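Using the UniProt record's numbering, you'd call the opening residue of the sequence shown number 1 and step up by one each time. Have a look at the structure below, then the notes.
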Amino acid sequence: MSKRYLANNESLIKKALYLRLMAEDIADGMKSGNFRSLYRGQGIEFAGVRDYIRGDDIRTIDWNVTARMGRPYIKVFEEERELQLFLITDSSLSMQLETNSDRRTKYASAAETAALVAIAAEINACPTGAVFFDGAIHFSCEPSLGKETTMQILNHLDRLPATPTPGSVLPNAISAAAKVLRKRTLVFVLSDFRCGGWEKPLISLAQKNDVIAINIHDASDEELPSLGTVVFKDTESSLQMSLPSSSPAFKKEWRSFNEMNQNRWQSFCIKHGIMPVVLDTKTEPVQVLNQIFARKAKLR
């Protein structure tokens with residue numbers, strides 16, 4: 001498939017050394033006690049058997065080994081310590097819209113955030129997978145270990161389809177992630193959540209995984225520049241309308257509408273055990289990630 005390079009952002013591959021330095025602190029946060037309180041993995045794995053000791057729970061007796069050895073043995077389990085991560089990253093047209101030359105696009109912020117998480121996961125030897133999408137899913141990989149996986153993720157974050165597919169398949173991307181995750185996983189969803197239909201798939205995903213939803217925010221979401229009557233086109237639905245951008249009343253309604261949507265999104269996340277995080281395009285992604293991994297929080 002023909003690709004085009006990420007707009008208004010230095011290549012992530014070229015920035016890999018810088019990103020790796022920035023990811024060191026994030027990697028430390030992943031291993032910290034604070035992070036363990038955030039990620040409440042419940043998986044256990046069979047570690048072996050040992051002799052029964054008075055007071056042991058008889059429900060853990062391994063009857064096959066007991067019969068073979070002629071004396072009681074119990075099963076020993078260890079908590080799974082390997083953390084698995086997954087990145088769901090939105091590159092739809094609303095994420096690529098350039099509203100200010102001094103700022104990143106929403107997608108550039110999301111891509112750098114995803115890259116930092118992938119590199120930090122590699123540092124900690126954590127399997128990482130991803131699904132990237134616009135109006136269609138254009139890249140996916142199941143969680144795996146190693147630098148090759150990290151570079152593959154960075155390469156696909158760097159290079160977008162030459163012809164973007166209009167719309168957003170965020171619900172499909174979430175459902176696709178849920179199907180490939182066979183163990184409890186820390187999932188990052190990076191999007192502006194501008195489409196509909198993602199709520200039920202996200203609830204389902206959060207029931208079996210720990211989910212951090214990162215809502216990418218731009219100043220234009222709240223404050224429109226005064227440009228008179230402007231023809232607005234929804235990049236995902238192609239709907240067009242003329243709006244009075246200089247009208248104080250319209251500006252107030254615009255701000256109120258977006259604030260209401262933001263509050264509704266945050267309340268939804270909290271209700272369903274999802275960590276809501278807002279990332280402004282003027283904020284360095286590394287700052288937000290360090291705050292996430294330093295934060296004592298329970299998702300459930």
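Each residue gets a CB set at the ideal place from its N, CA and C atoms; glycine is no exception. On a predicted model such as this, the values are computed, not experimentally measured, just so you know.
GLU142, DSSP secondary structure in three states: In the structure shown, GLU142 sits in a strand (DSSP, three-state: E or B).
Evaluate contact between the region 202-217 and the region 258-277, counting only Cβ atoms and requiring at least three cross-stretch pairs below 8 angstroms. By the C-beta criterion, the region 202-217 is judged to be in contact with the region 258-277, since at least 3 inter-stretch pairs fall below 8 angstroms.
Classify PRO248: buried if its beta carbon has 16 or more other beta carbons within 10 angstroms, exposed otherwise. Its Cβ having fewer than 16 others within 10 Å, PRO248 is exposed.
Which ranges would you report for the alpha helix (DSSP H) in the region 50-96 if only whole runs of at least 4 residues count? Within the region 50-96, the complete alpha helix (DSSP H) segments of 4 residues or longer fall at 63-69 and 93-96, listed in chain order.
For THR283, the three-state DSSP class (helix, strand or coil): DSSP places THR283 in coil when its eight states are reduced to three.
Could you check how far apart the C-beta atoms of PHE139 and ASP90 are, in whole angstroms? I think they sit under 8 angstroms. Between ASP90 and PHE139 the Cβ distance is about 12 angstroms, and since that is not below 8 angstroms, they are no contact.
CB-CB under 6 angstroms to PHE35, same chain, minus the five flanking residues each way: which ones, in chain order? Summary for PHE35: the model assigns pLDDT 49, below 50, so the residue's position carries little reliability; its value from the coordinates is reported in the next sentence. Annotation for PHE35: GLY29 and PHE293 place their beta carbon closer than 6 angstroms to its own, counting only its chain and skipping 5 residues before and after.
With distance defined between alpha-carbon atoms, name the residue in SER242, PRO161 and ALA27 nearest to ALA125. Sorting SER242, PRO161 and ALA27 by C-alpha distance to the C-alpha of ALA125 places ALA27 at the top.
Spatial distance of LEU181 from GLU142 (CA atoms): Approximately 8 angstroms, taken between the alpha carbons.
Tell me the DSSP secondary structure of THR128 in three-state form. In this structure, THR128 counts as strand in the three-state DSSP scheme.
Less than 7 angstroms between C-beta atoms, sequence neighbours within five positions excluded: which residues of the same chain meet that for LYS147? Counting only Cβ-Cβ distances below 7 angstroms, and skipping sequence neighbours, we find GLU122.
Between which two residues does the beta strand (DSSP E) carrying ARG159 extend? It spans 159-161 - the beta strand (DSSP E) in which ARG159 sits, taken as one unbroken run.
What first and last residue would you give for the beta strand (DSSP E) that runs through SER267? Premise fails: SER267 lies in the alpha helix (DSSP H), 248-271, not in any beta strand (DSSP E).
Identify, in the order they occur along the chain, each residue of the same chain with its Cβ nearer than 7 angstroms to the Cβ of ILE13, setting aside the five sequence neighbours on each side. Counting only Cβ-Cβ distances below 7 angstroms, and skipping sequence neighbours, we find LEU154, ASN155 and ASP158.
How would you label ALA213, buried or exposed, when you count the other beta carbons within 10 angstroms and need 16 or more for buried? Residue environment: ALA213 is assigned as buried (16 or more neighbouring CB atoms within 10 Å of its CB, all protein chains considered).
Cross-strand partners of ASP210 (DSSP beta bridge): In the DSSP output, where bridge partners are listed per residue, ASP210 has LEU186.
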